[in-house]
Amino acid sequence: MSPRLVHLTTTDMSLDWLLRPQLEAFADAGFEVIAMSAPGPHVAALDASGIRHVAVPALTRSMAPGRDLQAFAQLVARFRELRPDIVHTHNPKPGVLGRFAARLAGVPVVVNTVHGLYAVPGDRPAKRAVVYGLERLAAACSDAELLQNPEDLPV
C-alpha cells in the first residue's frame with residue numbers, strides 16, 4: 005500500500021502553480037497524493053494531472069474567526085476520513101490550522117513549509133506577537149519545519 009500524503013494550502017492556485025511539480029514528483033515516487041484547499045478553478049488542472057483534490061470549503065485567506073473554526077473542524081474531519089500517513093502544510097493560515105488538526109486527527113507525520121510569515125520586524129509589536137506566537141505553538145505539532153527564508157529561522 006502506498007503512503008498517503010496530503011498537501012494543504014489555502015487556495016487551489018497555490019497547489020496548481022507552485023506545488024504541482026512537487027505533487028507529481030511524489031506521485032511518481034509511489035505516494036498516493038491528495039491536494040487539499042478551498043475549492044476553485046484550478047482544481048481541474050490538478051485533476052487533469054492525476055492529482056486528487058479534496059475541498060475544504062471554509063478555508064479562506066482572510067482572517068474570519070467563525071470561518072476559521074469551521075475550517076479547522078473540516079480539516080479534522082477530512083484527516084480522520086482520509087487517514088493520511090503524512091500531512092504537509094503550506095502558508096501561515098493552513099500551516100497553523102492544519103498542524104493542529106492533523107495532530108488532533110492522529111496523523112503520524114506532520115511537516116510544514118514556512119514560505120514567509122505574515123509579520124516582519126517592522127510590524128506593530130502586537131501583530132508580531134500574535135503571528136510569531138501562533139507559529140511557535142503550531143511548530144510544536146510538526147515533525148519537520150522547512151524554511152525558505154533565513155530571516156524566518158529565529159521565529
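Offset between the sequence shown (1-based) and this note's numbering: plus 4.
All residues carry an ideal CB built from backbone N, CA and C; glycine is no exception.
Please report the straight-line C-alpha distance between residue i and residue j, rounded to a whole angstrom.
i: residue 41; j: residue 47; result: 9 Å
i: residue 8; j: residue 24; result: 16 Å
i: residue 105; j: residue 83; result: 8 Å
i: residue 126; j: residue 67; result: 21 Å
i: residue 124; j: residue 5; result: 43 Å
i: residue 109; j: residue 128; result: 35 Å
i: residue 96; j: residue 119; result: 8 Å
i: residue 53; j: residue 130; result: 43 Å
i: residue 136; j: residue 81; result: 27 Å
Quick one: using the 10 Å Cβ neighbour count with 16 as the cut-off for buried, is residue i buried or exposed?
i: residue 141; result: exposed
i: residue 75; result: buried
i: residue 99; result: buried
i: residue 60; result: buried
i: residue 139; result: buried
i: residue 34; result: exposed
i: residue 152; result: exposed
Can you tell me whether DSSP reads residue i as helix, strand or coil?
i: residue 3; result: It is not possible to answer for residue 3, since the shown part of the chain is limited to 5 through 159.
i: residue 148; result: strand
i: residue 111; result: coil
i: residue 124; result: coil
Taking DSSP's pairing of strands, which residues face residue i in a bridge?
i: residue 39; result: 11, 57
i: residue 91; result: 10, 114
For residue i and chain D, any beta-carbon pair shorter than 9 Å?
i: residue 109; result: Note that chain D does not occur in the displayed structure, where there is just one protein chain.
Sufficient close CB pairs (3 or more, under 8 Å) joining the region 143-150 to the region 107-122: yes
Segment contact, 8 Å Cβ cut-off, at least three pairs: the region 12-21 with the region 44-60: yes
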